[in-house]
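Everything below concerns the one structure shown next.
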Amino acid sequence: MENRINEATPKEILLEVRNLKKYFPIHKGIFGTKKTNVQAVDDISFYIYKGETLGLVGESGCGKSTAGRTIIRLYEPTAGEIIFDGAEISSMSENDLKPFRKRMQMIFQDPYASLNSRMTVGDIIGEPIDIHNLAEGEERQKMIYDLLERVGLSKDHASRYPHEFSGGQRQRIGIARSLAVEPDFIICDEPISALDVSIQAQVVNMLEDLQEEFGLTYLFIAHDLSMVKHISDRIGVMYLGKLVELSTSKGLYEKPLHPYTQALLSAIPIPDPEVTHARQRIVLEGDVPSPINPPSGCRFRTRCQYAFDRCTVEEPVFQDMGEGHMVACHLMDKGKV
Amino acid sequence: MTDQFKITPDLWEPIVIEDREKDKIVRKSLTYWQDAWRRLKKNYLSMLGLGVIILLAFAAIAGPMLSPYSYSDQDLNMSNMPPRLELHRLEDGTFVHVHKEYRLYEVSESGELLGRIQHTKEDMINKTREFEFNGNEIVIDYKLAAINKDVPNAPKFTLTINGQPNDTADKTVWNKTYFFGTDTLGRDIFVRSLYGARISLLIALVATLVQFFIGVIYGGVSGYIGGRVDNFMMRVVDIIDTIPLMLYVILLMVVLGAGLLTIIIALGSVYWVRMARLVRGQVLSIKENEFILAARTLGASPWRIMVRHLIPNSMGAIIVSLAMMVPSAIFTESFLSFIGLGVSAPQASWGTLASDAMGGLRTYAYQLFVPSFFISMTVLSFNFLGDGLRDALDPRLRK
Amino acid sequence: MTEKILEVKNMKTSFYTHVGEVQAVRGVSFHLDKGEALGIVGESGSGKSVTSMSVMRLLQYPGTIKEGEVLFNGEDLVKKSKAEMMSVRGNQIAMIFQDPMTSLNPVYTIGNQIMEAVIRHQKVSKAEARERAIDMLKLVGIPSPETRVDNYPHEFSGGMRQRAMIAIALSCQPDLLIADEPTTALDVTIQAQILELLKDLKTKVNTSIILITHDLGVVADVCSRIIVMYGGLIMEEGRSEDIFYEPLHPYTMGLLKSIPRLDLGHKQRLVPIPGSPPDLIKPPKGCPFAARCPYAMKVCLDHQPDYYERKPGHKAACWLYHQDAPTVEFDTGVRRMKE
Chain A
600 MENRINEATP KEILLEVRNL KKYFPIHKGI FGTKKTNVQA VDDISFYIYK GETLGLVGES
660 GCGKSTAGRT IIRLYEPTAG EIIFDGAEIS SMSENDLKPF RKRMQMIFQD PYASLNSRMT
720 VGDIIGEPID IHNLAEGEER QKMIYDLLER VGLSKDHASR YPHEFSGGQR QRIGIARSLA
780 VEPDFIICDE PISALDVSIQ AQVVNMLEDL QEEFGLTYLF IAHDLSMVKH ISDRIGVMYL
840 GKLVELSTSK GLYEKPLHPY TQALLSAIPI PDPEVTHARQ RIVLEGDVPS PINPPSGCRF
900 RTRCQYAFDR CTVEEPVFQD MGEGHMVACH LMDKGKV
Chain B
7 MTDQFKITPD LWEPIVIEDR EKDKIVRKSL TYWQDAWRRL KKNYLSMLGL GVIILLAFAA
67 IAGPMLSPYS YSDQDLNMSN MPPRLELHRL EDGTFVHVHK EYRLYEVSES GELLGRIQHT
127 KEDMINKTRE FEFNGNEIVI DYKLAAINKD VPNAPKFTLT INGQPNDTAD KTVWNKTYFF
187 GTDTLGRDIF VRSLYGARIS LLIALVATLV QFFIGVIYGG VSGYIGGRVD NFMMRVVDII
247 DTIPLMLYVI LLMVVLGAGL LTIIIALGSV YWVRMARLVR GQVLSIKENE FILAARTLGA
307 SPWRIMVRHL IPNSMGAIIV SLAMMVPSAI FTESFLSFIG LGVSAPQASW GTLASDAMGG
367 LRTYAYQLFV PSFFISMTVL SFNFLGDGLR DALDPRLRK
Chain C
10 MTEKILEVKN MKTSFYTHVG EVQAVRGVSF HLDKGEALGI VGESGSGKSV TSMSVMRLLQ
70 YPGTIKEGEV LFNGEDLVKK SKAEMMSVRG NQIAMIFQDP MTSLNPVYTI GNQIMEAVIR
130 HQKVSKAEAR ERAIDMLKLV GIPSPETRVD NYPHEFSGGM RQRAMIAIAL SCQPDLLIAD
190 EPTTALDVTI QAQILELLKD LKTKVNTSII LITHDLGVVA DVCSRIIVMY GGLIMEEGRS
250 EDIFYEPLHP YTMGLLKSIP RLDLGHKQRL VPIPGSPPDL IKPPKGCPFA ARCPYAMKVC
310 LDHQPDYYER KPGHKAACWL YHQDAPTVEF DTGVRRMKE
């Protein structure tokens with residue numbers, strides 16, 4: 600997959616995340632004293648270039664959604680830094696953060712829960728315009744109509760209510776809402792998982808078109824690796840709160856280094872009977888451990904067929920194996936199996 | 007699957023894009039409220055309750071203006087008149103009614119009280135009274151009253167008109183002068199009931215408003231902020247909840263004096279608590295929904311989120327709660343007035359009407375029945391309405 | 010020799026709601042051979058779930074089977090009474106559902122729930138039923154079945170719960186297992202486990218399976234025959250290789266073009282199918298896909314097409330295959346691996 604970024608211009612980093620942690624305390628005991636933590640996101644670091652799409656994949660409980668929400672400050676980070684276009688936003692007050700809210704936006708997963716069912720579509724899309732005082736009166740209406748048409752809906756949809764629309768249309772309304780502030784960066788949190796197959800392509804194509812038209816940068820969070828590979832320039836794989844591998848889409852598929860990535864790729868169903876039956880399936884045993892009490896050392900070791908003694912004791916470092924292909928696995932030091 | 011039809015060559019032509027219906031919305035749109043109303047309409051009891059409430063509201067506002075009496079007009083001559091009058095016919099076509107206290111009244115055939123007829127002679131020893139009216143001589147002998155004191159439905163007096171005994175009533179009509187009769191002081195119970203309705207509905211309104219504003223905002227803020235603040239605010243609520251209402255009202259009355267205002271302050275300062283808890287619960291459950299998260303990422307202020315997102319989405323539960331708490335407020339006020347802690351004489355509340363009636367309960371049962379009926383009917387109506395609202399506003403039951 | 014275990018003939022199911030009649034299934038006919046895995050593929054609103062619920066006679070008010078026959082081992086299930094159906098369900102036909110969280114009763118142990126089915130249908134003692142339960146848990150690959158049989162659902166993870174569901178379903182050795190989106194709610198690696206299990210069971214126990222899903226990858230893995238549904242009707246039916254490599258119906262082709270392929274290296278532009286599925290309160294008069302079909306003709310709008318059979322077992326409902334229809338160059342959406 601070609602880089603959309605012109606090779607001549609230096610690659611500018613729009614978002615950098617350093618050692619980000621998000622723990623959720625669990626209160627036990629009579630007086631609700633904190634007993635332990637759910638280590639939802641545990642020390643992840645990555646960066647996203649301007650204009651590119653970084654995919655973030657993993658299964659449930661891996662922390663990818665939490666990471667997305669922490670980056671956009673819906674959750675307060677427990678530790679670490681979030682640097683957006685040079686500004687460190689991880690501990691800014693809501694007041695200081697407000698201008699950044701115009702530059703980073705989010706699209707959500709559930710088309711039925713992400714729109715306020717008591718507001719008309721026009722009001723939903725108009726809300727960000729009102730919050731940031733971007734336009735008034737006639738101009739505001741025009742903006743709303745423009746946005747509706749840009750996402751493939753029509754002007755007369757503005758007076759309708761969300762429940763009158765299908766899932767795909769609602770997602771488009773959500774996209775229109777986030778575009779109203781003209782953001783630079785959009786976090787897409789599983790935006791198509793709840794949609795029908797034939798509608799998913801519509802939404803993904805639209806996201807791609809919008810990216811080209813407005814020079815948007817995406818963080819695309821999903822569990823469907825096929826779709827993520829299609830839309831992303833680079834992909835990060837998360838497992839139990841940790842980043843285990845990060846590489847270009849092509850690189851990740853052709854040369855997966857981490858055992859979990861390998862298993863993940865082999866588990867994804869391919870709509871082609873011959874290919875599917877010819878495939879070497881790596882079937883992982885057991886279930887994902889709990890993020891409250893993750894395994895010591897490398898978290899994946901309980902399900903990894905290559906695990907050895909070092910894996911129990913020492914956490915592997917997320918390091919560059921060449922050309923920006925990052926992996927966290929002790930096997931890398933031994934020479935890949 | 008095949009309908010036998012002829013496929014003409016033109017049918018093989020491809021269709022143009024305009025012929026298709028892309029993104030067209032087919033079904034008629036129903037907003038949440040329209041759908042809820044539709045569901046409510048189907049519930050007959052609720053609609054009945056709603057109808058009664060509306061009727062009562064009209065009567066309470068307009069009724070006293072149309073009545074010739076005010077709630078405090080007394081006419082001791084007309085005290086304790088029942089709503090149903092037993093009439094005895096006289097030869098000249100006029101009718102008389104014998105009062106339970108052995109007074110005699112002239113009544114028109116349709117039931118209008120035309121006036122009291124004073125007795126000309128009273129014999130306490132023989133227990134008779136004599137009247138002269140339009141040339142008729144009427145004697146009421148109430149010796150039987152003492153004999154038949156504890157026998158229900160036995161005659162307590164004998165009536166003799168011009169020498170002829172006339173014990174059974176010729177006609178029983180509704181009292182057209184005082185629809186619900188009068189009380190011990192001769193005040194029209196009907197008008198007083200309507201004034202009582204005013205008071206009850208006023209209580210209902212105030213309780214509703216206070217609950218809504220204070221309770222909703224308090225609960226909303228508590229739920230939205232969460233954490234320790236929420237904990238603290240809810241403990242305050244718990245403490246207020248433990249104060250016994252009666253004690254509190256008495257204390258207030260000592261401080262502020264008795265009256266409607268005191269009751270309003272008392273109820274208002276206690277009732278919002280339940281609403282606060284409810285709204286807090288609603289907010290907690292909605293808070294993590296994605297449209298709230300979306301509002302936050304857009305940069306909406308907490309106030310905006312509360313007012314435009316959280317509260318409108320809790321309206322269903324809020325309205326149901328309001329409808330269900332109103333009967334409680336009305337009943338509490340009635341009770342307080344009944345035991346003397348509420349509005350003071352001569353103001354009429356259903357509670358005071360009831361308590362006034364206690365003195366003559368055995369003889370004048372209607373005086374208690376009327377306010378009781380009003381209280382029951384109003385409370386039931388709000389309950390039915392609230393029940394129906396709860397079903398109608400529940401989004402999960404939406405088909 | 011293949012015998013038909015299930016034959017559905019022209020089944021129509023509708024929901025009579027307050028806004029009107031929603032015609033969820035509008036005339037569906039198919040069969041299932043013994044020991045076969047049939048996939049029913051469709052999106053939401055296609056009628057695939059309602060079809061399976063109708064076969065099991067599990068429809069709730071206001072849904073009813075308007076018309077048609079469901080012949081299971083020769084007997085018409087539509088005509089059976091409630092009591093008769095109760096002895097069929099769980100016993101001869103079993104079903105597993107999508108959400109393992111809500112399809113198990115949280116207040117009973119897994120063992121109990123398996124035993125309940127066994128005791129009810131096969132009248133064995135409690136001890137025997139418990140033995141059977143442990144066997145079933147072993148069969149579906151749950152470790153330490155002797156202890157886990159007394160666990161409650163909340164003590165199982167999502168994947169294990171789905172396995173437990175399968176155990177319950179298979180406990181009475183049904184002839185037919187209907188799996189309605191059994192892996193949609195599961196993680197990909199767990200999904201792979203469950204699909205392996207289903208394939209394994211098919212060979213071991215020779216159960217016939219109907220697998221309902223929207224995921225073409227899943228049916229490619231498990232099923233030998235596939236039915237594609239849209240708008241309450243069957244658009245295409247054929248063997249797995251036919252559907253994926255020689256699709257006939259424009260909807261099938263549209264689906265194949267719109268899904269991203271993990272294995273294909275070159276950059277693919279997804280070709281979505283424009284528009285949305287039809288509202289089944291006012292179902293389209295003609296072919297339900299006409300409004301979104303790039304090859305639609307006038308006849309498609311007004312008349313439902315017949316089934317055209319390219320070869321035995323592979324057919325599609327499309328006017329394009331009528332003898333008088335104009336020839337069309339298809340972009341079939343088939344992309345095969347370069348050797």
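Chains as they are written, first to last, in this note's numbering: chain A, 600 to 936; chain B, 7 to 405; chain C, 10 to 348.
Glycine included, each C-beta is placed from N, C-alpha and C at the ideal position.
Taking a contact to require three or more Cβ pairs closer than 8 angstroms, the stretch 885-904 of chain A and the stretch 848-855 of chain A do not qualify as touching. Residue contact with chain C for Arg749 (chain A): absent (no Cβ-Cβ distance below 9 angstroms to any residue of chain C).
Residue contact check for Arg909 (chain A) against chain B: no CB pair falls below 9 angstroms. Contact residues of the stretch 295-311 of chain B toward chain A are Asn295, Glu296, Phe297, Ile298, Leu299, Ala300, Ala301, Arg302, Thr303, Leu304, Gly305, Ala306, Ser307, Pro308, Arg310 (C-beta to C-beta distance below 9 angstroms). The Cβ-Cβ distance between Gly226 (chain C) and Leu195 (chain C) does not fall below 9 angstroms. The C-beta of Leu342 (chain B) comes no closer than 9 angstroms to any C-beta of chain C.
Not a single CB atom of chain B sits nearer than 9 angstroms to the CB of Ala821 (chain A). Per the C-alpha coordinates, the member of B:Ala360, B:Asp397, B:Leu328, B:Asp147 positioned closest to Phe388 (chain B) is B:Leu328.
Using a Cβ distance threshold of 9 angstroms, Phe344 (chain B) and Ala323 (chain B) do not count as a contacting pair. Here Asn83 (chain B) carries a helix assignment [DSSP, helix/strand/coil]. With a contact defined as Cβ atoms closer than 8 angstroms, Leu619 (chain A) and Pro676 (chain A) qualify at about 6 angstroms. When CB distances to chain B are screened at a threshold of 8 angstroms, the residues of the stretch 728-743 of chain A falling below it are Ile730, His731, in chain order. Taking each of C:Gly150, C:Met174, C:Ser53, C:Val228 in turn and checking the Cα distance to Ser285 (chain C), the smallest one comes out for C:Ser53. In the DSSP assignment, His130 (chain C) falls within the alpha helix (DSSP H) that extends over 119-131. Residue pairing of Thr37 (chain B) in beta bridges, as defined by DSSP: absent, with no partner found. If you compare the alpha carbons of A:Gly657, A:Ala639, A:Ala793 with that of His822 (chain A), the shortest gap goes to A:Gly657. In the structure shown, the three-state DSSP call for Arg90 (chain B) is strand. C-alpha of Gly225 (chain B) to C-alpha of Arg283 (chain B): approximately 6 angstroms in a straight line. Residue-level contact check: Ile681 (chain A) does not touch chain B, since none of the beta carbons of chain B fall below 9 angstroms from its beta carbon. Uninterrupted alpha helix (DSSP H) stretches at least 4 residues long and entirely within the stretch 131-210 of chain C occur at 135-148, 154-157, 167-179, given in chain order. In the structure shown, Arg902 (chain A) falls within a helical segment according to DSSP collapsed to helix, strand and coil. For the options B:Ala398, B:Ala371, B:Asp393, the alpha carbon positioned closest to that of Thr190 (chain B) is the one of B:Ala371. Taking every protein chain shown into account, the CB of Lys307 (chain C) has 16 or more other CB atoms within 10 angstroms, so this residue is buried. For Lys649 (chain A), the closest alpha carbon among the candidates A:Pro868, A:Arg833, A:Thr901 is that of A:Arg833. Against chain B, the CB of Ile830 (chain A) has no partner CB under 9 angstroms away; the residue lies outside that interface. Ala229 (chain C) and Thr222 (chain C) have their alpha carbons spaced roughly 11 angstroms apart. The three-state reading of DSSP puts Phe344 (chain B) in helix, counting H, G and I together. Counting every other CB atom within 10 Å of its CB across the protein chains shown gives Asn215 (chain C) a total below 16, marking it as exposed. The beta carbon of Tyr148 (chain B) lies closer than 7 angstroms to those of Tyr108, Lys133, Lys162, Phe163 in the same chain, with the five residues before and after it left out. Contact between the stretch 728-748 of chain A and the stretch 677-689 of chain A is absent: fewer than 3 CB-CB pairs across the two stretches fall below 8 angstroms.
If you check the CB distance, Gly72 (chain C) and Ala33 (chain C) come in under 9 angstroms. Nearest to Gly840 (chain A) by C-alpha distance, out of A:Ile612, A:Phe623, A:Glu615, is A:Phe623. Interface annotation, Arg314 (chain B): in contact with chain A, CB-CB separation under 9 angstroms. Of all residues in the stretch 36-60 of chain B, none has a C-beta nearer than 7 angstroms to a C-beta of chain C. The beta carbons of Pro191 (chain C) and Leu146 (chain C) sit no closer together than 9 angstroms.
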